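Residue numbers (my numbering), protein chains in the order written: chain B, 1 to 638; chain F, 639 to 974.
Here a beta-carbon is modelled for each residue, glycine too, at the ideal position from N, C-alpha and C.
Since this is a predicted model, take the numbers as computed values, not measurements.
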Amino acid sequence: MAEAAQSLHPSQPLKHGHSVKRHTGLMDWITTVDHKKIAILYLWAGGIFFGIGGLEAILIRIQLIKPMNTFLDAQTFNELITMHGTTMIFLGVMPVIFALMNAVIPLQIGARDVAFPFLNALGFWTFLFGGILLNLSWVMGGAPDAGWTSYTPLSSTGYSPTHGVDFYTIGLQIAGLGTLIGGINFLATIITMRAPGMSFMRMPMFAWTTFITSAIILFAFPAITVGLVLLTFDRILEANFFNVAGGGNPVLWQHIFWIFGHPEVYILILPAFGVISEVIPTFSRKRLFGYSSMVFATILIAFLGFMVWAHHMFTTGLGPVANALFSVSTMLIAVPTGIKIFNWLFTMWGGQVRFTTPNLFAAGFIPTFTMGGVTGVMLASAPADFQFHDTYFVVAHFHYVIVGGLVLGLFAGLHYWWPKMFGRMLSETLGKWTFWTFIIGFHLTFFVQHFLGLMGMQRRVFTYLPNQQFDLLNLVSTIGAMLMGVGMLIFLTNIFLTSRRPADAADDPWEDGRTLEWTIPSPPPEYNFKQTPLVRGLDAFWKEKMAGHKGMTPSEPVGSIHMPSATILPFLMSVGIFIAGLGFMFSRDEFSSSIMSFLFNNYIVTALGLLITFGSMLMRSLFDDPGWHIEPEELEGR
Amino acid sequence: MTAALGLILAGCGREDLSVLRPQGPAAESSFALMKLSISIMIVVLLVVFSIAAYVWIRFRRKPDQNEIPKQVEGSFKLEVLWTVIPLILVVVLAVPTVKAVFAAGNDHSDDKDAIKVKVTGHQYWWEFEYTDYGVTTAQDLVIPAGKDIAFELSTKDVLHSFWVPSLSGKMDTNPDGTVNRFSFSAPNEGVYRGKCAELCGPSHGFMEFKVKSVSSTAFEEWLASMKAPDSVLPDDPALAETFKSQCLTCHATGSMQDLSQAPNLTGIGSRESVAGILLNDDTRVDGAPVEENLKTWLHDPQSVKPGNKMPDPKDLGLSDEEIDGIAEFLAGYTLD
């Protein structure tokens with residue numbers, strides 16, 4: 001488009017004297033700051049890591065298919081469970097959540113991009129390089145093996161002597177930077193960039209849950225950041241934060257981890273609540289029931305989410321007072337969650353429910369997530385948790401919440417917004433096959449695990465003795481996992497086949513779109529809205545439709561649109577941190593080559609990496625980047 | 639409903655292992671809360687499922703349906719209803735929970751009648767020290783039926799979690815400074831399976847143990863026989879020398895001082911298992927005879943329990959004959 005604009009005015013460069021360089025191909029993806037392209041990057045990267053995590057899950061289930069199986073050895077198994085959990089949470093589902101947020105939020109609030117497009121790119125690249133670093137552990141001396149919770153002392157160098165846990169601490173630290181940056185960015189975006197007329201209480205539910213999720217990230221991620229620094233120092237610099245002999249305390253790690261870890265659960269599930277709250281009203285042709293109670297329930301869940309962390313530690317030995325308090329505070333979360341469930345059900349009540357693929361996933365979400373929710377309340381009862389804790393009951397519970405809740409929500413969201421992101425409708429037939437194989441596989445895999453736990457099977461065991469009545473249920477669970485794998489393959493097939501069809505999705509392909517993203521083309525132009533829309537109520541688009549209008553009333557005349565410049569600096573900064581992290585990790589190692597030893601042991605590699613990062617930051621600070629403009633002529637296609 | 643549920647769930651799992659078939663007051667207290675919470679939750683699920691099924695069927699969009707449904711903002715009454723009812727359900731569950739939490743807080747550490755046992759977790763075995771009697775054993779925790787046992791839990795290395803599902807919930811074994819205390823009892827005589835429930839390394843899944851609940855007289859006899867013998871040695875002097883120089887450097891027997899480095903071997907021939915997972919069963923239904931198990935273990939400890947800290951006897955210079963001889967000796971080293 002810029003080429004077109006420039007060719008129209010060869011003698012008149014665009015405003016701001018500097019030239020606008022538009023990249024193509026790979027360079028375009030590396031330098032983009034467009035939220036829609038970053039969304040696709042997040043989706044690809046998150047999808048690949050999700051695939052890796054899924055393969056790890058399949059290997060775990062094959063190992064557990066029968067008692068005393070020798071398919072995997074014990075050490076490999078522990079590495080697989082650690083990497084499965086870590087990968088899925090930090091590198092699989094969170095980036096896909098960010099993909100949806102990036103793809104949808106600016107559109108839903110009528111904005112042309114996020115508040116800080118540069119930071120948005122930086123967030124993606126730090127996540128990606130953190131994730132790559134973590135997964136390099138497989139080929140660089142062994143993956144982390146102390147569980148995704150990495151409890152000390154098991155995760156200390158004394159008991160986990162490989163670099164595995166270093167990859168965990170440093171990889172997650174780098175990836176976590178990206179999450180924190182992303183969270184701050186969405187907070188700023190939602191606070192400052194809503195279209196005229198869109199008050200907070202007129203925001204779509206997904207924008208609300210993104211807002212609250214971002215706030216949780218802002219408060220929860222610093223905890224894990226600190227925890228990971230302490231563990232890194234313990235391991236690499238021989239500090240004593242968690243070392244009893246040196247005056248440290250391993251229980252401290254558990255507190256730090258769960259002060260982050262429990263809110264993390266809500267970071268994961270709230271966006272899914274948001275997706276479901278968009279999909280159900282659209283396909284019921286009815287506004288969300290109890291919108292304001294939904295908003296307050298979300299806030300309440302986030303608030304309570306910070307004061308329940310010790311329910312992961314009932315068996316650590318905190319004493320009856322703490323156990324009682326944390327039991328009750330945890331149970332209270334059931335109340336706002338229940339409000340949400342009933343509001344969804346009553347959104348459908350009296351509506352015209354259409355079972356498209358997104359709505360099938362949303363419909364599957366409600367009972368499945370409720371099952372995960374009720375086992376959560378059961379776990380909250382500390383004396384019962386003494387039995388549940390660290391058994392397959394817990395494994396079943398959190399998979400019901402994360403897979404049955406979040407992943408079904410993500411599937412709903414991806415099928416729902418796919419035409420908006422890519423301009424192509426996914427095949428409904430294949431979508432329905434995906435749904436049925438995935439959800440049947442899911443329940444087969446995890447429902448039986450409740451009983452395995454209650455019958456005495458503890459979690460994270462690489463195999464189990466025969467004659468404990470565990471065999472049949474484990475077999476069923478493994479078969480279910482395979483079926484989930486089939487569901488994923490059908491989904492990938494759907495994506496592949498869809499990508500070969502012409503991009504012909506309508507602006508409002510589901511016909512009953514209620515929010516602003518459905519008022520603009522699919523996929524949207526790079527500036528999203530030619531004219532910022534005027535929002536006159538909740539479900540802004542639906543309101544205009546009901547008033548007999550074809551589209552939104554603009555809140556401004558057509559004018560030149562300011563755009564952020566593409567830049568490679570976020571990519572370079574992340575490469576720098578990646579190199580620095582790798583260098584720091586190996587700073588105490590002896591290498592066979594003396595040059596390598598010299599480079600690593602004198603922190604030269606670390607310094608080089610930091611130089612790249614800080615050099616890029618300096619460049620960013622010294623050279624002012626005013627962006628560029630798209631002129632009305634180009635917008636009008638003249 | 640709770641009672642019916644109890645009956646259904648009681649069909650699940652082994653009596654000596656399942657949470658659902660509690661064999662002592664601590665496990666029963668947990669199980670009672672589980673039954674209460676499952677009952678409440680099943681009601682909740684039924685309500686949600688029924689409403690869901692109803693709206694999916696009743697309000698499915700018909701092909702000719704084109705009018706716009708009424709846009710309902712919400713309903714104050716309904717929303718209050720589904721805020722208040724869950725709140726009441728939470729209270730119904732919270733009250734007995736808090737009661738049971740404080741009841742479970744009674745660790746019997748000051749109870750003169752309770753049997754004091756110091757449990758120490760090791761990668762990957764359990765050490766049980768009867769502090770009032772000066773007796774230390776490993777892997778088989780022998781307790782008198784019906785008596786409260788006051789446990790003090792700690793670890794020598796990483797975190798473990800001490801769990802006998804059919805008798806009680808679990809409690810972590812932490813390093814010094816965060817030592818835990820708790821208590822349970824087993825009213826009925828029998829052997830119960832125990833497990834480690836906190837990831838502790840490759841053989842976490844193999845860190846099993848047994849709880850043997852016996853009559854008070856049998857318990858007294860057991861204590862006496864544990865204290866009585868001088869160190870027993872193999873008859874063959876050469877083998878005895880090997881055993882002393884290679885095994886007893888870490889392990890202890892009889893009246894030797896237990897350095898807590900390796901499982902105490904006193905009366906190992908009478909135990910329920912070798913290394914916690916090779917079950918001793920002369921009928922071969924659920925394991926193998928003890929001597930065979932000892933041979934399996936001693937010929938290749940790493941293949942039985944990967945990552946365990948016992949040196950391979952072959953690396954210590956023991957020949958196959960010596961290993962078999964020691965296995966035979968240990969199998970015959972019983973308490974009576």
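Check your understanding: Residues in the stretch 680-698 of chain F with C-beta within 7 Å of chain B's C-beta atoms, listed in sequence order?
Key -> Listed in sequence order: VAL682, LEU683, VAL686, PHE687, ILE689, ALA690, VAL693, TRP694, PHE697, ARG698.
Review point. Do you know how far the Cα of F:ALA738 is from the Cα of B:GLY376?
Key: The residue you call residue 376 of chain B lines up with position 376 of the first sequence. The residue you call residue 738 of chain F lines up with position 100 of the second sequence. Straight-line Cα distance between these residues: approximately 18 Å.
Exercise for review: May I ask you to report which of helix, strand or coil DSSP gives B:THR282?
Suggested key: As a first step, residue 282 of chain B is located in the first sequence; it is residue number 282 there, counting from the start. B:THR282: helix per DSSP, three-state reduction.
**Study point:** Simplified DSSP assignment, three categories, for B:ASP234
**Key:** Taking the first sequence and counting its residues from 1, the one referred to as residue 234 of chain B is at position 234. If DSSP states are grouped into helix, strand and coil, B:ASP234 belongs with the helices.
**Study point:** Where F:MET809 meets chain B, residues with beta-carbon distance less than 7 Å
**Key:** As a first step, residue 809 of chain F is located in the second sequence; it is residue number 171 there, counting from the start. Going along chain B in sequence order, the residues near F:MET809 (Cβ under 7 Å) are THR315, GLY317.
Practice item. Identify, in the order they occur along the chain, each residue of the same chain with its Cβ nearer than 6 Å to the Cβ of B:LYS15, setting aside the five sequence neighbours on each side. Key: In the first sequence, the residue the question calls residue 15 of chain B occupies position 15. Because the pLDDT at B:LYS15 is just 46, under 50, the model does not fix this residue reliably, and the value given afterwards should be weighed accordingly. Contacts found: HIS629.
Review point. Since F:ASP814 meets chain B, which of its residues come closer than 7 Å, beta carbon to beta carbon?
Key: Position 176 of the second sequence, counted from the start, is the residue given in the question as residue 814 of chain F. Residues of chain B with a Cβ closer than 7 Å to the Cβ of F:ASP814 are, in chain order, VAL244.
Review point. Comparing the C-beta of B:VAL335 with each C-beta of chain F, is any distance below 8 Å?
Key: Residue 335 of chain B sits at position 335 when you count from the first residue of the first sequence. It does; some Cβ of chain F falls within 8 Å.
Practice item. Could you spell out where the alpha helix (DSSP H) holding B:HIS35 opens and where it closes? Key: Taking the first sequence and counting its residues from 1, one reaches residue 35 of chain B at position 35. Segment 35-63, the alpha helix (DSSP H) holding B:HIS35.
Practice item. Look at F:LYS833 and F:GLN777 and say whether their C-beta atoms are less than 8 Å apart. Key: Working through the second sequence from its first residue, we reach residue 833 of chain F at position 195. Working through the second sequence from its first residue, we reach residue 777 of chain F at position 139. No; because the gap between Cβ atoms is not below 8 Å, this pair is not in contact.
Exercise for review: With 7 Å as the limit, tell me which residues of the stretch 451-465 of chain B have their beta carbon closer than that to any beta carbon of chain F; keep them in chain order.
Suggested key: So the list reads PHE451, LEU454, MET455, GLY456, GLN458, ARG460, VAL461, PHE462, THR463, TYR464, LEU465, given in the order they occur along the chain.
Review point. Does the beta carbon of F:SER656 come closer than 8 Å to any beta carbon on chain B?
Key: Locating residue 656 of chain F in the second sequence gives position 18, counting from the first residue. Cβ-Cβ to chain B under 8 Å: yes for F:SER656.
Practice item. Just the C-alpha distance for B:ARG424 and B:PHE361, rounded to the nearest angstrom, thanks. Key: What you label residue 424 of chain B is simply residue 424 of the first sequence in a count that begins at 1. What you label residue 361 of chain B is simply residue 361 of the first sequence in a count that begins at 1. If I take the Cα positions, the gap works out to 19 Å.
Practice item. Could you tell me how far apart the beta carbons of B:GLY405 and B:ALA272 are, in whole angstroms, since I believe they sit closer than 8 Å? Key: The residue given as residue 405 of chain B occupies position 405 in the first sequence. The residue given as residue 272 of chain B occupies position 272 in the first sequence. Indeed, because the Cβ distance is near 6 Å, the residues count as touching under 8 Å.
Point to revise | Distance, B:TYR400 Cα to B:PHE446 Cα | key: As a working mapping, residue 446 of chain B is identified with position 446 in the first sequence. As a working mapping, residue 400 of chain B is identified with position 400 in the first sequence. Approximately 7 Å, taken between the alpha carbons.
Point to revise | Cut-off 6 Å between Cβ atoms - residues of its own chain near F:VAL796, not counting five sequence neighbours on either side | key: Taking the second sequence and counting its residues from 1, one reaches residue 796 of chain F at position 158. Counting only Cβ-Cβ distances below 6 Å, and skipping sequence neighbours, we find CYS838.
Review point. Within 10 angstroms of its Cβ, does F:THR972 collect 16 or more other Cβ (buried), or is it exposed?
Key: Taking the first residue of the second sequence as 1, we reach residue 972 of chain F at position 334. Burial call: exposed.
Exercise for review: Determine the direct distance from the alpha carbon of F:MET894 to that of F:ALA876, and round the result to whole angstroms.
Suggested key: As a working note, residue 876 of chain F is residue 238 in the second sequence. As a working note, residue 894 of chain F is residue 256 in the second sequence. If you take the alpha carbons of F:ALA876 and F:MET894, they lie about 20 Å apart.
**Study point:** Opening and closing residue of the alpha helix (DSSP H) in which F:SER677 lies
**Key:** The count along the second sequence starts at 1 and reaches residue 677 of chain F at position 39. Run containing F:SER677: 663-696, per the alpha helix (DSSP H) assignment.
**Study point:** Span separating the alpha-carbon of B:SER11 from that of B:GLY627
**Key:** Within the first sequence, residue 11 of chain B is the residue found at index 11, counting from 1. Within the first sequence, residue 627 of chain B is the residue found at index 627, counting from 1. Unreliable placement is indicated for B:SER11, whose pLDDT of 43 sits below 50; no coordinate value is reported for it.
Check your understanding: Counting along the chain, where does the alpha helix (DSSP H) carrying F:VAL733 start and finish?
Key -> Locating residue 733 of chain F in the second sequence gives position 95, where the first residue counts as 1. According to the DSSP assignment, F:VAL733 belongs to the alpha helix (DSSP H) that extends over 714-742.
**Study point:** Within 8 Å, strictly: CB atoms of B:SER277 and B:MET205
**Key:** Locating residue 277 of chain B in the first sequence gives position 277, where the first residue counts as 1. Locating residue 205 of chain B in the first sequence gives position 205, where the first residue counts as 1. Taking a C-beta distance under 8 Å as the contact criterion, B:SER277 and B:MET205 qualify as a contact pair.
Point to revise | Residue environment, B:MET201, which counts as buried when at least 16 other CB atoms sit within 10 Å | key: The residue you call residue 201 of chain B lines up with position 201 of the first sequence. Its Cβ having fewer than 16 others within 10 Å, B:MET201 is exposed.
Exercise for review: Give the interface partners of B:PRO250 over in chain F, defined as CB-CB distance under 8 Å, in chain order.
Suggested key: To locate residue 250 of chain B, count along the first sequence from 1; it is residue 250. Result: LEU797, ASN812, PRO813, THR816.
**Study point:** Listed by chain order, chain F residues near B:THR370 by CB distance under 7 Å
**Key:** Position 370 of the first sequence, counting from 1, holds the residue named residue 370 of chain B. Those within 7 Å of B:THR370 in chain F are LEU683, VAL686.
Review point. So what's F:ALA878 in DSSP terms, helix, strand or just coil?
Key: By 1-based counting over the second sequence, the position of residue 878 of chain F is 240. Helix, per DSSP.
Review point. Is the CB of B:PHE338 under 8 Å away from at least one CB in chain F?
Key: For this step, residue 338 of chain B is matched to residue 338 along the first sequence. Per the sequence presented here, residue 338 of chain B reads as Gly, with Phe not at that position. So yes, B:GLY338 belongs to the interface.
**Study point:** According to DSSP, residues forming a beta bridge with F:ASN918
**Key:** Here residue 918 of chain F refers to the residue found at position 280 of the second sequence. Per DSSP, F:ALA926.
**Study point:** Cβ-based burial, F:ILE680 [other Cβ within 10 Å; buried from 16]
**Key:** As a first step, residue 680 of chain F must be located in the second sequence, where it is residue number 42. Classification for F:ILE680: exposed.
Review point. Does B:LYS15 have its Cβ less than 8 Å from a Cβ in chain F?
Key: Taking the first residue of the first sequence as position 1, residue 15 of chain B is located at position 15. For B:LYS15, the predicted model reports a pLDDT of 46, less than 50, meaning its position is unreliable; a value from the coordinates is still stated below. Taking Cβ atoms only, chain F never reaches closer than 8 Å to B:LYS15, which makes this a no.
Practice item. Measuring only between beta-carbons, confirm whether B:TRP309 sits less than 8 Å from chain F. Key: Counting from 1 along the first sequence, the entry for residue 309 of chain B is found at position 309. Judged by the 8 Å Cβ criterion, B:TRP309 is not in contact with chain F.
Exercise for review: Answer with yes or no whether the minimum CB distance from B:TYR159 to chain F is below 8 Å.
Suggested key: Walking along the first sequence from the start, residue 159 of chain B turns up at place 159. So, interface residue.
**Study point:** For B:GLU264 and B:PHE98, the rounded distance between their alpha carbons
**Key:** Translated into positions along the first sequence, residue 98 of chain B becomes position 98. Translated into positions along the first sequence, residue 264 of chain B becomes position 264. B:GLU264 has its alpha-carbon roughly 14 Å from the corresponding atom of B:PHE98.
**Study point:** Where F:SER957 falls, given that 16 or more other Cβ within 10 Å makes a residue buried
**Key:** Residue mapping note: residue 957 of chain F aligns to position 319 of the second sequence, counting from 1. Looking at its Cβ environment, which holds fewer than 16 other Cβ atoms inside 10 Å, F:SER957 is exposed.
Check your understanding: The alpha helix (DSSP H) spanning F:GLU765 covers which residue range?
Key -> Counted from its first residue, the second sequence places residue 765 of chain F at position 127. The continuous stretches of alpha helix (DSSP H) do not include F:GLU765, which lies in the beta strand (DSSP E) extending over residues 763-768.
Review point. What residues of chain B sit near F:VAL739, judged by a beta carbon separation below 8 Å?
Key: Within the second sequence, residue 739 of chain F is the residue found at index 101, counting from 1. Going along chain B in sequence order, the residues near F:VAL739 (Cβ under 8 Å) are PRO320, ASN323, ALA324, SER327, ALA382, PRO383.
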